[in-house]
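Chemist:
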Amino acid sequence: MPLKKEYSKDKAICKVTFILPKEIAEQFEEVALVGDFNNWDPKANLFYCMSRGVHVVSIELEAGKEYQFRYLADGEVWLNEAEADKHVATPYGSENSVIVL
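This is the structure:
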């Protein structure tokens with residue numbers, strides 16, 4: 014599940030595109046990107062289907078920071094990003110993915 018980072022000319026903002034391959038996306042009705050950048054809101058950033066079944070969601074984030082996130086599928090299945098910059102333990106006995114901008 015790759016991540017694509019595109020920085021603004023002044024490097025202050027980074028557009029991050031999160032990509033779910035068809036093999037994962039087709040297992041669920043709905044997948045949301047949730048994280049500290051959207052108060053872990055499962056309706057704020059939903060993936061949508063692109064060509065060939067690949068699902069994506071893009072958000073703009075302030076550069077120079079780290080953001081914790083996960084994917085929430087069908088409101089109950091948590092998925093981590095294998096290609097995240099790092100992972101950190103949570104107080105709930107799991108890990109969050111982290112993107113460093």
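Number 58 in this note's numbering belongs to position 45 of the sequence shown; there are no gaps in the numbering.
Every residue, glycine too, gets a C-beta built ideally from N, C-alpha and C.
Given the structure, does Asp87 come close to the ligand ZN, in the sense that its CB is under 7 Å from one of the ligand's heavy atoms?
Modeler: What this structure holds is no ligand at all, so the ligand ZN is not there to describe.
Chemist: Can you tell me whether Ala25 is buried or exposed, with buried defined as 16 or more other CB within 10 angstroms of its CB?
Modeler: Here residue 25 refers to the residue found at position 12 when the sequence shown is read from its first residue. The residue is exposed, with fewer than 16 neighbouring Cβ atoms inside 10 Å.
Chemist: Would the stretch 36-47 and the stretch 60-71 be scored as touching if the rule is three or more Cβ pairs under 8 Å?
Modeler: yes
Chemist: Buried or exposed, going by whether 16 or more other CB atoms sit within 10 Å of the CB of Gly48?
Modeler: Position 35 of the sequence shown holds residue 48. Around the beta carbon of Gly48, 16 or more other beta carbons lie within 10 angstroms, which makes this residue buried.
Chemist: Give the secondary structure of Lys18 by DSSP, where H, G and I count as helix, E and B as strand, and everything else as coil.
Modeler: As a working mapping, residue 18 is identified with position 5 in the sequence shown. Three-state DSSP puts Lys18 in a strand.
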